[in-house]
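Here's the structure we're looking at; comments come further down.
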DNA sequence: GTTTTTAACTAACATCTGTTAGCCGTATTA
DNA sequence: TAATACGGCTAACAGATGTTAGTTAAAAAC
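Protein chains in written order, with our numbering: chain A, 115 to 311; chain B, 115 to 311.
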């Protein structure tokens with residue numbers, strides 16, 4: 115149970131760091147800034163974390179794991195491509211909505227990961243994207259979507275929309291995350307779907 | 115005429131800075147890094163620019179001006195809302211394609227502008243977005259688009275897609291910028307357009 | 001051919017950076 | 001009650017940061 119308390123305080127540090135990184139960016143955030151937000155001295159942070167980058171790593175890879183998990187659940191389902199896409203979008207947005215701050219860091223600050231960690235992160239990311247791409251391709255092959263679609267453009271458009279949400283979405287507003295996922299997928303899918311002219 | 119040469123060298127500095135800021139981010143880019151890219155000493159940079167932030171300012175505000183100009187040309191035209199949207203999208207992408215590096219900086223690094231400059235920038239930006247929003251609203255009012263659209267979501271989706279382009283678009287690839295704008299607007303507009311069921 | 005401009009240099013500044021070492025009070029555990 | 005771990009502290013480091021001052025060689029303008 116010491117471990118629990120330890121984690122609890124450590125996660126408090128990480129959460130504050132996430133807020134800071136989101137506001138000012140990773141590189142512009144100093145350990146002294148972070149310490150001040152917590153009301154302690156900079157050196158005291160190192161009782162809880164090993165380095166500044168360790169914080170970024172845990173933020174990025176924890177989010178990546180949640181995104182992955184969410185998509186895996188969707189892939190198991192035996193439904194049409196457009197339905198899979200819809201569920202994938204809603205899942206992604208739900209994961210983001212659970213921690214918008216970490217999501218913003220995940221997507222804006224990951225490039226400050228060093229060397230092999232950055233590499234690993236990018237591999238996870240491209241894998242995730244490719245699995246969405248596969249869903250779209252499945253839809254074009256079985257006739258759900260238009261045949262002359264540029265898959266890369268489509269999937270990048272989808273991802274752009276998803277990834278910028280933390281920048282403008284207000285979780286206290288009138289529109290909740292499932293609703294927003296629903297509308298977004300409607301908007302994109304109906305743009306992709308072959309129309310019965 | 116001295117001014118011309120001066121500008122020419124100054125712009126060389128700014129261009130290199132744009133590349134650096136894009137790769138590493140503004141905060142993580144040092145003046146010594148920049149100097150090294152140019153083969154000179156850090157202090158020598160100050161013969162050409164007043165400060166690090168001045169570089170960022172000129173990058174951000176120059177791009178903002180070009181976006182604005184492009185949209186103004188479109189607004190003058192007397193065409194349908196969906197056509198205006200199409201032209202606006204193509205215009206935006208064309209401006210970006212003319213300088214993808216500066217575009218990436220414009221959109222990822224503007225937050226490091228200080229105080230009043232950041233404020234001015236954000237005002238320009240929201241104005242630009244609102245003018246796109248107005249086009250979409252025009253379309254919903256005159257029956258071109260579905261009535262039950264969430265305008266904010268739509269315009270944010272559009273912007274996300276546009277703004278992330280510099281991250282993945284390869285200008286040497288097979289698909290040119292007008293083509294991409296065409297496809298993107300097709301994808302979005304046909305998602306918005308009322309469908310003759 | 002003298003003056004001016006351009007574009008670079010060296011040296012140095014004050015401050016900020018991430019991080020380590022070693023110490024100490026308080027609360028939990030044995 | 002003694003031992004341990006938690007969470008903080010101060011002091012300090014070695015290096016990086018943006019920027020200024022003053023200088024100088026070469027090129028352009030007069």
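Note that the Cβ used here is the ideal one computed from N, Cα and C, for glycine as well. Note that the coordinates shown come from a computational prediction; the quantities given were computed from them, not determined experimentally.
Go ahead and pull the three-state DSSP assignment for residue 285 (chain B). coil
Establish whether the CB of residue 257 (chain B) and some CB of chain A are separated by less than 8 Å. no
Close-in-space but distant-in-sequence residues of the same chain around residue 163 (chain B) (CB under 7 Å, 5 per side omitted): 124, 127 and 169
Within the same chain, show all residues whose beta-carbon is closer than 7 Å to that of residue 303 (chain B), passing over the 5 residues directly before and after it, in chain order. 196, 199 and 200
I'd like to know whether the C-beta atoms of residue 220 (chain A) and residue 174 (chain A) end up nearer to each other than 8 Å. yes
If you follow the alpha helix (DSSP H) that residue 216 (chain B) is in, where does it begin and where does it stop? 214-222
Should residue 301 (chain B) be flagged as near chain A, meaning a C-beta pair shorter than 8 Å? yes
Let me know if residue 278 (chain A) comes out buried or exposed under the rule of 16 or more other beta-carbons within 10 Å of its beta-carbon. buried
Using 10 angstroms around the beta-carbon of residue 250 (chain A), count the other beta-carbons present and answer buried if the total reaches 16, otherwise exposed. buried
Interface partners of residue 268 (chain A) on chain B, CB under 8 Å: 301
Where does residue 243 (chain B) fall in DSSP's three states? helix
State the start and end residues of the unbroken alpha helix (DSSP H) segment that holds residue 181 (chain A). 166-190
If the cut is a Cβ gap below 9 Å, which residues of chain B does residue 141 (chain A) touch? 138, 139, 140, 141, 142 and 143
Cβ-Cβ separation, residue 135 (chain B) to residue 143 (chain B) (assumed contact under 8 Å), whole Å: 5 Å
Quick one: complete alpha helix (DSSP H) runs, 4+ long, within the region 121-164 of chain A? 145-152
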